[in-house]
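Number of protein chains: 2
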Amino acid sequence: MSLPHAILTALLEKPSSGLELTRRFDRSIGYFWSATHQQIYRELGKLEGEGLIRALPSEQPARGQKKAYEVLPAGREELARWTAVSQDPKPHRDALLLRLRAAAVVGTTGLDADLRRHRELHARQLETYREIERRDFPPGRDEPEDRLRHLVLRAGIDLETFWTQWLDHALAEFAELPDMPERQE
Amino acid sequence: MSLPHAILTALLEKPSSGLELTRRFDRSIGYFWSATHQQIYRELGKLEGEGLIRALPSEQPARGQKKAYEVLPAGREELARWTAVSQDPKPHRDALLLRLRAAAVVGTTGLDADLRRHRELHARQLETYREIERRDFPPGRDEPEDRLRHLVLRAGIDLETFWTQWLDHALAEFAELPDMPERQE
DNA sequence: ATCCCCATGTAATGGGTTACATGATTCA
DNA sequence: TGAATCATGTAACCCATTACATGGGGAT
Numbered sequence: 000m001s002l003p004h005a006i007l008t009a010l011l012e013k014p015s016s017g018l019e020l021t022r023r024f025d026r027s028i029g030y031f032w033s034a035t036h037q038q039i040y041r042e043l044g045k046l047e048g049e050g051l052i053r054a055l056p057s058e059q060p061a062r063g064q065k066k067a068y069e070v071l072p073a074g075r076e077e078l079a080r081w082t083a084v085s086q087d088p089k090p091h092r093d094a095l096l097l098r099l100r101a102a103a104v105v106g107t108t109g110l111d112a113d114l115r116r117h118r119e120l121h122a123r124q125l126e127t128y129r130e131i132e133r134r135d136f137p138p139g140r141d142e143p144e145d146r147l148r149h150l151v152l153r154a155g156i157d158l159e160t161f162w163t164q165w166l167d168h169a170l171a172e173f174a175e176l177p178d179m180p181e182r183q184e
Numbered sequence: 000m001s002l003p004h005a006i007l008t009a010l011l012e013k014p015s016s017g018l019e020l021t022r023r024f025d026r027s028i029g030y031f032w033s034a035t036h037q038q039i040y041r042e043l044g045k046l047e048g049e050g051l052i053r054a055l056p057s058e059q060p061a062r063g064q065k066k067a068y069e070v071l072p073a074g075r076e077e078l079a080r081w082t083a084v085s086q087d088p089k090p091h092r093d094a095l096l097l098r099l100r101a102a103a104v105v106g107t108t109g110l111d112a113d114l115r116r117h118r119e120l121h122a123r124q125l126e127t128y129r130e131i132e133r134r135d136f137p138p139g140r141d142e143p144e145d146r147l148r149h150l151v152l153r154a155g156i157d158l159e160t161f162w163t164q165w166l167d168h169a170l171a172e173f174a175e176l177p178d179m180p181e182r183q184e
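In order, the protein sequences belong to chains L and D.
Position 155 of the first sequence, counted from 1, bears residue number 154 in numbering that gives the first Met the number 0, the numbering being contiguous throughout.
Position 84 of the second sequence, counted from 1, bears residue number 83 in numbering that gives the first Met the number 0, the numbering being contiguous throughout.
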C-alpha cells in the first residue's frame, strides 16, 4: 500500500505527467520504490478519483496528450498521515541468497558467473549513487530537507557497498571450494 | 518465481509436511524468502501435480492428517537448473526509506518513534542470527555445504548490522533537526 | 461434552508484471 | 505518407495477503 504515497511524494516534489513520473521512478524514487508506467497510470486515475490529486487545467485531455497532475491539500494530508503512522518492516525476499542455499544441496555449477555479474551490477549502482551524491549534496549545504534526502541516499550507498563486498567475499569462498557437482544422494 | 524452488530446497534438506515447512519458513529459509502456510499448501499441490515431489506413502491422506512430501529426481533437476540459470536482481522496495523521503516534504512528525522501533527490531533479528551462528557454525567445521550456508547467514548478519547502524545515524540526525512541522507551501 | 490447538485446505482481494492497443507528433 | 517515437492507456495473468472453513486429537 505504498505506491500511491510514492506518487504523492514525487508529485509534491514536482507536478508531473504520467510519463515524467515514470522517468523519475526510473531515476530517483524508484531506487527504493520501483514502479512501471502501467502501475503509475492506474494509480494516478485512482488518486484523482479519490480527490487527492488533480489534472492541471491546461490542454485537452485526449489520448496522446500530456496530462500533468498536482497534489491537492487532501493528498498532502493523506501523505503526512501515512508518513507518521507506524508500519512493520516487510519480510525480505532475496533470490540470490536462496540460490546459494539451494547450491549447498544441488551443487554450485554455473553460479559463480552470475555472482560476478551481480557484483558488477551493484558496483555500477554504487557509482551512480556516488555521482548523485557529488552532484546533489556538495559539502556545505544543510537545509533540513537536504539532510533527510541525503540520509536516504546514504542508505543506498551503504547497501550497495555491502553487496559488492559480500559478493567479493562469496567469490573468494567459491574459489576455495571444491567444485561441488550435484551429488545424487 | 522462486517459491517453488525455496520449497524444493527445504524439502531436500529434510522431507516435511506442510506445517513443518511453514515452521521452517518462519525460522530459517523465511529469513530471506518468506511464505505463509496458504502459499505453501498451494505450491505443494502444484509441485506434486508437476511430478517434482510426492507425498510419502504412509498414513491416510485425510483432511486433518499430516502429509509429508519428498523431492523426486525431476524436482532435484529442476532446482539445479534454476540455481545455475542467470537471474536479474529484483528492484527493491523499502517503505521506511520512502517515508523518510516523504518526510522531507510533509514533515517528520511521528517518524522518529517508528525509527526507534525499527532499530530495535533489527537489533533483535541481529541477535537471533548471531545465536544461530554460534549454534550451527562453531569454529572448526568447514564442509563445503556449511561454508555456503554460513555465507548466507553472514549476509543476514551484515545486513542487520547495517540497518541498526544506519538507523542510529538517522536518529542522531533527527535529534539535530528542527522539528519540521509540515509546512503548507 | 467442550474447548483448544494441530493440520490442511478454500475463497476473495489486491498489487505487480507482461503483453498489447491507440492516438499524437516529428522527421525523413 | 510512412516510420519512429512519445504518451496514455487496457487486459490478462500471476503471486501474495487476508479471512475463513473443516476435520482430528488431546486435555479438563
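Even for Gly, the Cβ is constructed at its ideal location relative to N, Cα and C.
Query                                                                                                                                                            : Result
Which full runs of the alpha helix (DSSP H) of 4+ residues lie inside the region 84-145 of chain D, going along the chain?                                       : 94-105, 110-135
Under the criterion of a Cβ to heavy atom distance below 6 Å, does histidine 168 of chain D qualify as lining the ligand COA?                                    : Only the bare structure without any ligand can be found here, which leaves the ligand COA out of the picture.
Under 7 Å, Cβ to Cβ, is there at least one residue of chain L near serine 85 of chain D?                                                                         : yes
Which chain L residues sit within Cβ distance under 7 Å of histidine 117 of chain D?                                                                             : Pro88
List, in chain order, every chain L residue whose beta-carbon is nearer than 7 Å to that of glutamate 172 of chain D.                                            : Arg146, Leu150
Identify every residue that forms a DSSP beta bridge with serine 15 of chain L.                                                                                  : L/Tyr68
Select from L/Asp135, L/Leu97, L/Arg134 the residue whose C-alpha is nearest the C-alpha of glutamine 86 of chain D.                                             : L/Leu97
Nearest chain L C-beta to leucine 97 of chain D closer than 7 Å, yes or no?                                                                                      : yes
Of the choices D/Ala73, D/His4, D/Leu43, D/Pro3, whose alpha-carbon is the least far from that of glutamate 16 of chain D?                                       : It is worth fixing the name first, because residue 16 of chain D is serine in this sequence and not glutamate. Nearest C-alpha to serine 16 of chain D: D/Leu43.
Is the separation between the beta-carbon of leucine 46 of chain D and that of proline 88 of chain D shorter than 7 Å?                                           : no
What does the alpha-carbon distance come out to for the pair leucine 152 of chain L and aspartate 111 of chain L?                                                : 29 Å
Start and end of the alpha helix (DSSP H) containing isoleucine 39 of chain L?                                                                                   : 36-48
Valine 84 of chain D: which of L/His117, L/Trp81, L/Gln164, L/Lys66 sits nearest, CA to CA?                                                                      : L/His117
Report the three-state DSSP secondary structure of glutamate 184 of chain L (helix, strand or coil).                                                             : With a pLDDT of only 46 at glutamate 184 of chain L, under the threshold of 50, the placement of this residue in the model should not be trusted; the figure read from the coordinates follows. Coil, per DSSP.
Going by Cα to Cα distance, which pick from L/Ala171, L/Phe161, L/Leu10, L/Asp93 is closest to phenylalanine 31 of chain D?                                      : L/Asp93
Return the bridge partner residues of arginine 53 of chain L from the DSSP annotation.                                                                           : L/Glu69
May I ask you to list, following chain order, the residues of the region 7-31 of chain D that have a beta carbon less than 8 Å from some beta carbon of chain L? : Leu7, Thr8, Leu11, Glu12, Ile28, Gly29, Tyr30, Phe31
Who does tryptophan 32 of chain L pair with in a DSSP beta bridge?                                                                                               : D/Arg92
Would the beta-carbon of leucine 18 of chain L fall within 7 Å of that of alanine 9 of chain L?                                                                  : no
What does the alpha-carbon distance come out to for the pair glutamine 164 of chain L and leucine 170 of chain D?                                                : 26 Å
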